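Trainee:
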Amino acid sequence: MSKANEIKVLDGLEHIRKRPGMYIGSTENPNHLLREVLDNAIDEVINGYADTISLDFKKGTAIVCDNGRGFPIHEVTLPNGEVSDSVIAATCYLFSGSKFDDRAYEFSIGTHGVGLTAINALSTKMSMAIKKDKQIHHYLFEDAIFKDKKLYEANNWFSTRVEFEVDPQYFDSIDFNIEVFTKELLYLNAKYKRVKITINGKPLIKIDLDTYFKAIFKLDKSVPVFSAYYLDNETKEDIAIYFTYDKESEVKDPFGAVNLKFCGGTFLTTFATIYYNLVSKEFLNFDYITRSDILYGFKYFITISLKNPKYSSQDKTKMTTNISKMFDNIKSRISLLLRSEDFFKKIFKEIEEEKSNKNLSKLIKNTKGKRVSSDNPLIDCLDNPGDIIYILEGDSAAGTLKKIRKVKSEAILPINGKIINTFNNTKEKIVSGKFKYILEALGINTSDSLSKKDYRYKSVKLICDADPDGLHINVLLSIGIWKFAKDLIRQGRLSVILPPLYGAVKGKIFIPIYDKKDIDNYTKQSYTIKRFKGLGEMNPSELDYIIHNPIEYTILPPANSNDELLIEACITDTEIKKKLCLNNTLGFEHLISIIRK
């Protein structure tokens with residue numbers, strides 16, 4: 001080759017050297033140079049021409065081999081009319097290469113035709129060895145100038161071998177970040193079972209795609225992985241999405257790969273939007289659940305095969321091709337999977353619960369600092385925790401109890417009017433009403449774990465009027481405490497004190513009457529019979545007697561977890577609730593017996 005030709009060749013290469021960022025993106029390290037060579041080998045694999053790739057590297061030097069068709073060797077006509085060798089043209093002239101012809105590859109990673117040229121321009125030495133008919137064509141380049149071509153007999157396993165030594169003057173560091181390439185090659189190895197890959201002479205391990213997905217997101221082995229796939233039979237383009245939920249994973253961002261090349265792009269955020277719309281409309285019942293609520297902990301990896309992907313820059317880090325049609329075809333498959341898998345049903349329930357708890361924590365006063373809301377009618381004690389909180393029906397009864405309670409250790413919470421059925425309403429509706437006062441008084445923030453042990457009182461005692469309405473309130477209060485503070489019931493810390501409808505009075509003697517049959521007996525003994533229409537009609541001494549000499553029932557927990565589920569499934573049944581109100585023991589065991597009948 002003449003000096004004139006060498007100068008012409010260097011014209012294009014000098015532009016790469018002066019503006020390397022225009023051609024390879026970042027010059028922080030030589031990763032892009034290695035990527036250009038590796039992409040050519042991967043293209044041979046994904047198009048079915050190769051099944052073996054080897055990568056060897058050390059500081060500033062890399063060798064990539066594959067057993068594909070071999071780089072084409074033939075004469076080419078340059079734009080200036082001169083005839084050149086195809087290998088020399090591809091390494092010494094800009095925008096030359098086999099990938100401008102769609103017939104070369106159906107699916108390709110590299111498409112800009114500057115890869116080998118950029119490697120040559122930014123290396124002190126580069127060589128290519130290409131096997132054709134048991135002959136090796138060896139090309140040598142130094143400082144981007146073609147130096148020599150040798151032809152010799154050999155039966156090497158590879159068809160193309162590219163070696164280059166990075167010129168350090170163009171890079172901040174000449175070390176390759178091999179972890180990036182290992183991640184991509186592992187994916188290639190997982191997707192194509194026939195492929196064999198070695199790195200520095202060591203075979204790359206074989207794993208399946210589920211295991212690979214878990215590896216890149218650093219998921220625990222127990223986390224299930226789900227996938228949805230779509231293939232366009234006409235174009236042979238396809239898309240596969242692997243996804244799961246894991247809030248413990250330290251990897252927050254999704255991954256994407258186009259023709260096995262890892263990259264970002266709008267397709268990742270587009271899928272996130274599609275998934276959010278799908279879940280929020282079909283699987284969740286609350287309008288206030290946000291995009292971040294649904295996507296928190298959602299891990300996904302999208303791999304796409306496209307014939308002509310477009311990128312925002314030469315370094316191909318962001319794909320810009322619109323693949324909305326592919327998403328349209330895969331959306332129904334994902335919807336069916338979400339609907340059929342118990343894993344997602346559980347996840348969606350947790351999302352609703354967590355969001356509900358966050359909203360509730362804003363409505364319920366934090367028990368650290370000021371104890372309860374300013375409108376809470378709680379009459380608190382001095383100790384924390386206190387010994388007893390009396391939850392009773394009516395302000396007048398609370399006023400009476402206030403006169404006889406132990407100020408240091410006993411608190412009072414009066415409840416007026418209708419109590420909400422906590423199993424039949426949303427948490428937001430529950431805490432927007434009077435039950436909020438109970439939760440605050442007990443020290444329950446619904447965003448806390450329901451296994452909480454540190455309640456603000458050692459025991460809870462319910463006292464309501466001795467009539468069907470009073471029994472009904474007791475039942476509803478018991479149900480609510482079971483929902484939000486199960487431990488109080490499991491530990492025997494919730495009880496119901498039943499007040500009498502009548503009382504026999506003689507001087508300072510007071511005897512409560514719970515059975516009408518006893519009235520005549522006390523009348524004959526010259527007792528005055530009092531009728532109590534409500535707790536508020538008792539004087540302090542009478543109420544004191546009832547509290548400290550009570551007919552008291554401890555609320556019993558269900559016998560087993562199945563009974564718990566049975567309660568929560570049936571507690572909203574009106575008839576069951578009425579039957580429960582007619583039973584003075586008020587134990588959950590009785591509820592179970594009613595349900596089973």
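Just so you know, the sequence shown maps onto residues 1 to 597 in our numbering. For each residue, glycine too, the CB sits at the ideal point set by N, CA and C. Note that this is a predicted model, so its numbers are computed, not measured.
1. Is it true that the CB of residue 396 sits closer than 7 Å to the CB of residue 536?
2. Helix, strand or coil: which one does DSSP assign to residue 154?
3. So, at 7 Å on beta carbons, what are the nonlocal neighbours of residue 74 in its own chain, with the 5 sequence-adjacent residues on each side left out?
4. Mind reading off the beta-carbon distance from residue 137 to residue 149? Whole number of angstroms is fine, and I expect it under 8 Å.
5. Could you tell me which of 300, 303, 319, 185 sits nearest to residue 309, measuring between CA atoms?
6. If you follow the alpha helix (DSSP H) that residue 531 is part of, which residue opens it and which one closes it?
7. Nearest to residue 538 by alpha carbon, out of 515, 499, 68?
8. Apart from the five residues just before and just after residue 597, which ones in its own chain have a Cβ nearer than 6 Å to its Cβ?
9. Could you tell me which residues DSSP puts in a beta bridge with residue 257?
10. Under 7 Å Cβ to Cβ from residue 451, same chain only, skipping five residues before and after it: list those, please.
11. Using the Cβ count rule (16 or more neighbours within 10 Å means buried), how would you classify residue 384?
12. So, for residue 237: in the same chain, excluding its five sequence neighbours on each side, which residues have a beta-carbon less than 6 Å away from its beta-carbon?
13. Shortest alpha-carbon distance to residue 186 belongs to which of 205, 275, 158?
14. Going by DSSP, which residues form a beta bridge with residue 438?
15. Please report the straight-line C-alpha distance between residue 525 and residue 434, rounded to a whole angstrom.
16. Could you spell out the range, first to last residue, of the alpha helix (DSSP H) harbouring residue 127?
17. Go ahead and label residue 482 buried or exposed: buried means 16 or more other beta carbons lie within 10 angstroms of its beta carbon, across all protein chains shown.
18. Going by DSSP, what residue range makes up the beta strand (DSSP E) through residue 243?
19. Taking the alpha carbon of residue 40 as the reference point, which residue from 116, 142, 255 has its own alpha carbon closest?
20. Quick one, which of 489, 527, 494 has its alpha-carbon nearest residue 503's?
21. Would you kindly work out how many angstroms separate the C-alpha atoms of residue 410 and residue 516, rounded to a whole number?
22. Smallest Cα separation from residue 157: which of 174, 196, 244, 81?
23. Count the other CB atoms, across all protein chains shown, that sit within 10 Å of the CB of residue 128; report buried if there are 16 or more and exposed otherwise.
24. Mind checking who residue 228 pairs with in its DSSP beta bridge?
25. Have a look at residue 118 and residue 141 and give me their C-alpha separation to the nearest angstrom.
26. Measuring alpha carbon to alpha carbon, tell me which residue in 48, 178, 432, 471 is nearest residue 198.
27. How about residue 68 and residue 44: do their beta carbons lie closer than 7 Å?
28. What's the C-alpha gap between residue 366 and residue 439?
29. Would you identify the three-state DSSP class for residue 165, choosing helix, strand or coil?
30. Do residue 57 and residue 164 come within 7 Å of each other at the CB atom, strictly closer than that value?
31. Give me, in chain order, the residues of the same chain whose beta-carbon lies closer than 6 Å to that of residue 223; leave out the 5 immediate sequence neighbours on both sides.
32. Kindly indicate the opening and closing residues of the alpha helix (DSSP H) around residue 553.
33. Which residues share a DSSP beta bridge with residue 65?
34. Taking only the alpha-carbon atoms, compute the straight-line gap between residue 444 and residue 351 and give it to the nearest angstrom.
35. Suppose only complete runs of 4+ residues qualify. What are the alpha helix (DSSP H) ranges in the segment 375-411, listed by chain order?
36. Which residue comes first and which comes last in the alpha helix (DSSP H) that contains residue 458?
Mentor: Taking the coordinates as given:
1. Yes, they are a contact pair.
2. Reduced to three states, the DSSP call for residue 154 is coil.
3. Result list for residue 74: 86, in chain order.
4. Your pair residue 137 and residue 149 checks out as a contact, with CB atoms roughly 7 Å apart and the cut at 8 Å.
5. With distances taken between Cα atoms, residue 309 lies closest to 319.
6. First-last for residue 531: 528-531, but that is the beta strand (DSSP E), not the alpha helix (DSSP H).
7. Looking at the Cα atoms, 499 is the closest of the given residues.
8. Any answer about residue 597 is weak, because its pLDDT of 35 lies below 50 and its placement is not dependable; what the coordinates show is given next. Cβ contact annotation for residue 597 (same chain, cutoff 6 Å, sequence separation greater than five): none.
9. Residue 257 is bridged to 262, 303.
10. Any reading at residue 451 must be qualified, since the residue scores a pLDDT of 46, below 50, and its modelled position is unreliable; the value itself is stated next. So the qualifying residues of the chain are 487.
11. Exposed, since its Cβ has fewer than 16 Cβ neighbours within 10 Å.
12. Cβ within range, chain order: 305, 306.
13. Out of 205, 275, 158, 205 has the C-alpha closest to the C-alpha of residue 186.
14. None; residue 438 has no bridge partner.
15. A straight line joining the alpha-carbon of residue 525 with that of residue 434 spans about 45 Å.
16. Residue 127 -> not in any alpha helix (DSSP H); beta strand (DSSP E) instead, spanning 123-132.
17. Answer is buried; the Cβ neighbour count reaches 16.
18. Residue range 238-245 is occupied by the beta strand (DSSP E) that includes residue 243.
19. Cα-wise, what sits closest to residue 40 is 116.
20. Ranking the options by Cα distance to residue 503, first place goes to 527.
21. Spanning the two alpha carbons is a distance of roughly 32 Å.
22. The option with the nearest alpha carbon to residue 157 is 196.
23. When all chains shown are included, residue 128 counts as buried.
24. Answer by DSSP bridge pairing, in chain order: 241.
25. Cα-Cα distance, rounded: 13 Å.
26. Measuring from the Cα of residue 198, the nearest candidate turns out to be 178.
27. Yes, these two residues count as a Cβ contact at 7 Å.
28. Note that residue 366 scores 49 on pLDDT, short of 50, meaning its location in the model is unreliable and no value can be drawn from it.
29. DSSP, reduced to helix, strand and coil, places residue 165 within a strand of the structure shown.
30. No. Outside cutoff.
31. Hits under 6 Å: 244, 246.
32. If you look at residue 553, you'll find it isn't in any alpha helix (DSSP H); it sits in the beta strand (DSSP E) that goes 552-554.
33. Answer by DSSP bridge pairing, in chain order: 54, 161.
34. So the alpha carbons of these two residues sit roughly 20 Å apart.
35. If we require 4 residues or more, the alpha helix (DSSP H) runs fully inside the segment 375-411 come out as 395-404.
36. Per DSSP, residue 458 belongs to no alpha helix (DSSP H); it is in the beta strand (DSSP E), 457-463.
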